[in-house]
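See below for the structure under consideration.
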Amino acid sequence: MKKYRASGLTPLFYSEISSSYMLYDIFKNQEQIILQLIKEQFKLLPDKIIVERERAYPKKGSIDIFIEFMNAGKKHALLIEVKVHDYLSATEGQISTYYNAVVEDSVYDEVYFIYLTQFTEDNDFKGIATPKTIDEAKKGKELIKEQFVHISWEQMHTFLNKHYEILTEEQQLIVSLNRQWILQQCEADLESNKIDVGERGLEDYFFDVKIDIKSRLPFGNEVCENKRQIWRVDTSTLEEKQLDAVLDVIKIYSGSNVVNKIKQYKTEELTLQGAKDFLMLMAQSIDDWKLLSFYSKLFLLAEKLSYLKFNGTGTRGFSIKLEIQGKGEISLCTIYKNKTIDFSLKR
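Its first residue numbered 22, the sequence shown is counted upward by one per residue in the numbering used here.
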């Protein structure tokens, strides 16, 4: 098989339409291949298979590949959404929008979904920005459960390779070229999305604070985003003692001797109103009352200590900043509306 440079194949495959059409052509004209894919992914034995592309639902969008089939006397649908640019083309809520559109149509007894992307959560993203397709896939799994699968292009090509001999010469050529392009594209995208997390960590600013935030808050998770190495805490999952530990960490850093406590900030009215609205929303749900207590204490601390800069309107959340003597203003933590709190480990 002749090898090509991926960049030379980009005009062929840069558009997701061309890659999805390749699969559509194979599935439509080689029924045993799509039958085997459904069998492997969902443990079904389909018959009377109909393959369409760009099935449109008004005001919802068009599904890349739409497959209708019968199984055990029931009418099923399989939606396949194809991505070849995980860092550029992920659309938030796309999976749920398409899935719900088909379910609400009330034509099919069961609806299945395959999300085909460059990467899956099995990839190692340590030191590399995580593409939004990973989050979208997690939401899809939560919604559709066992009738949802997330597979990578590498996995798809491994599958296609098992059926390579029954493809037409034209299909074999297109598949081999696509495989070379997408796998090299994946390598290039991972390389270009490496995160330069910088040299300075919390210990470089708060040298008198002798705590390790990861050990103190072991229920957090390390993520890399926007060229920062972050310790992220999802407060919605925490018990009261764990919430107290988060508040204690913020108090400890705020009380550090390196913080310029002469500096005075005045919280804007928009921020105060945003905080009130945030707390009011929590007060309306008894499930959030534990969090209501935590966030009330946190906002009170940020407002009471005038050398802390409490900022934000609540649209996405709030930030707490402070000034380090001789080094300038830094962000202590970011408080998001979705009830996560970020601490920058490296910046």
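Where is the CB? At the ideal position from N, CA and C, for every residue including glycine.
Predicted model, so just to flag it, every value in this text is computed and none were measured.
Point to revise | residue 218 - DSSP class collapsed to helix/strand/coil | key: Here residue 218 corresponds to residue number 197 of the sequence shown, with the count starting at 1. Legend: pLDDT at residue 218 = 48, less than 50; position of this residue unreliable, value from coordinates given subsequently. Coil at residue 218, not helix or strand.
**Study point:** Strand pairing of residue 245, partner residues [DSSP]
**Key:** Taking the sequence shown and counting its residues from 1, one reaches residue 245 at position 224. According to DSSP, residue 245 bridges with 250.
Practice item. Evaluate the contact criterion for the region 93 to 104 versus the region 192 to 200: three or more CB pairs, one atom per stretch, below 8 Å. Key: no
Exercise for review: Specify, as a first and last residue, the run of the alpha helix (DSSP H) that residue 99 falls within.
Suggested key: Residue 99 sits at position 78 when you count from the first residue of the sequence shown. Here residue 99 belongs to no alpha helix (DSSP H); instead the beta strand (DSSP E) covers 95 to 103.
**Study point:** Cβ-based burial, residue 201 [other Cβ within 10 Å; buried from 16]
**Key:** In the sequence shown, counting from the first residue as 1, residue 201 sits at position 180. It counts as buried.
Review point. How is residue 72 classed by DSSP in three states: helix, strand or coil?
Key: Here residue 72 is taken as the residue at index 51 of the sequence shown, counted from 1. The answer is strand: DSSP assigns residue 72 an E or B state.
**Study point:** Counterpart residues of residue 47 in DSSP-defined beta bridges
**Key:** Counting from one through the sequence shown, the residue named residue 47 turns up at place 26. Answer is none; residue 47 lacks a bridge partner.
Check your understanding: Is the region 331 to 339 in contact with the region 207 to 214, if contact means three or more CB pairs nearer than 8 Å?
Key -> no
Exercise for review: Give the DSSP bridge partners of residue 338, in chain order.
Suggested key: Sequence index remark: in the sequence shown, residue 338 carries index 317 (1-based). BP columns for residue 338 point to 357.
Review point. Can you name the residues that DSSP bridges to residue 204?
Key: One-based indexing of the sequence shown puts residue 204 at position 183. In DSSP, residue 204 forms no bridge with anything.
Review point. Is residue 102 near residue 85, with beta carbons less than 8 Å apart?
Key: Numbered from its first residue, the sequence shown carries residue 102 at position 81. Numbered from its first residue, the sequence shown carries residue 85 at position 64. Against a cut-off of 8 Å, the Cβ pair of residue 85 and residue 102 comes out as a contact.
Check your understanding: Taking the DSSP output, what are the residues bridged to residue 77?
Key -> For the purposes of this step, residue 77 is taken as residue 56 along the sequence shown, with counting starting at 1. 83.
Exercise for review: Could you tell me the distance, in whole angstroms, from the CA atom of residue 261 to the CA atom of residue 313?
Suggested key: As a working mapping, residue 261 is identified with position 240 in the sequence shown. As a working mapping, residue 313 is identified with position 292 in the sequence shown. Near 11 Å, if we compare the C-alpha coordinates of residue 313 and residue 261.
Check your understanding: Apart from the five residues on each side of it in sequence, which residues of its chain come closer than 8 Å, Cβ to Cβ, to residue 278?
Key -> Within the sequence shown, residue 278 is the residue found at index 257, counting from 1. Only 229 meet the Cβ criterion.
Check your understanding: Under the rule that 16 or more other beta-carbon atoms within 10 Å means buried, what is residue 301, buried or exposed?
Key -> As a working note, residue 301 is residue 280 in the sequence shown. Exposed.
Review point. Got a sec? Which residues, its chain only, sit under 6 Å from residue 343 by beta carbon, not counting five neighbours each side?
Key: Locating residue 343 in the sequence shown gives position 322, where the first residue counts as 1. Cβ neighbours of residue 343 beyond the five flanking positions: 280, 329, 353.
Exercise for review: Determine the contact status of residue 33 and residue 198, defining contact as a CB-CB distance below 8 Å.
Suggested key: As a working mapping, residue 33 is identified with position 12 in the sequence shown. As a working mapping, residue 198 is identified with position 177 in the sequence shown. Less than 8 Å divides the Cβ of residue 33 from the Cβ of residue 198.
**Study point:** For residue 146, the nearest candidate out of 251, 317, 245, 350 (CA to CA)
**Key:** The sequence position of residue 146 within the sequence shown is 125, counting from 1. Closest option to residue 146, Cα to Cα, is 245.
Review point. Can we say the region 132 to 145 touches the region 162 to 181, given the rule of at least three CB pairs closer than 8 Å?
Key: yes
Exercise for review: Compute the distance between the beta-carbons of residue 128 and residue 120, then report whether it is under 8 Å.
Suggested key: Residue numbering aside, residue 128 sits at position 107 when the sequence shown is read from its first letter. Residue numbering aside, residue 120 sits at position 99 when the sequence shown is read from its first letter. Not closer than 8 Å, so no.
Point to revise | residue 234 - partner residues in DSSP beta bridges | key: Position 213 of the sequence shown holds residue 234. According to DSSP, which records beta bridges pairwise, residue 234 is partnered with nothing at all.
Exercise for review: Kindly indicate the opening and closing residues of the alpha helix (DSSP H) around residue 135.
Suggested key: Reading the sequence shown from its first residue, position 114 is the one you call residue 135. Counting along the chain, residue 135 falls outside any alpha helix (DSSP H), though it belongs to the beta strand (DSSP E) covering 131 to 138.
Review point. Cβ of residue 226 within 8 Å of Cβ of residue 351?
Key: Taking the first residue of the sequence shown as position 1, residue 226 is located at position 205. Taking the first residue of the sequence shown as position 1, residue 351 is located at position 330. Taking 8 Å as the Cβ cut-off, residue 226 and residue 351 qualify as a contacting pair.
**Study point:** Three-state secondary structure assigned by DSSP to residue 279
**Key:** Sequence index remark: in the sequence shown, residue 279 carries index 258 (1-based). Coil, per DSSP.
Check your understanding: In terms of alpha-carbon separation, which member of 77, 265, 235 lies closest to residue 253?
Key -> Reading the sequence shown from its first residue, position 232 is the one you call residue 253. Nearest of 77, 265, 235 to residue 253, Cα basis: 235.
Check your understanding: How about residue 21 and residue 48: do their beta carbons lie closer than 8 Å?
Key -> The requested residue 21 is not part of the displayed model; the chain covers only 22 to 368.
Check your understanding: Given a threshold of 16 other Cβ atoms within 10 Å of its Cβ, counted over all protein chains shown, does residue 276 qualify as buried or as exposed?
Key -> Counting from 1 along the sequence shown, the entry for residue 276 is found at position 255. Exposed, because fewer than 16 other Cβ atoms sit within 10 Å of the Cβ of residue 276.
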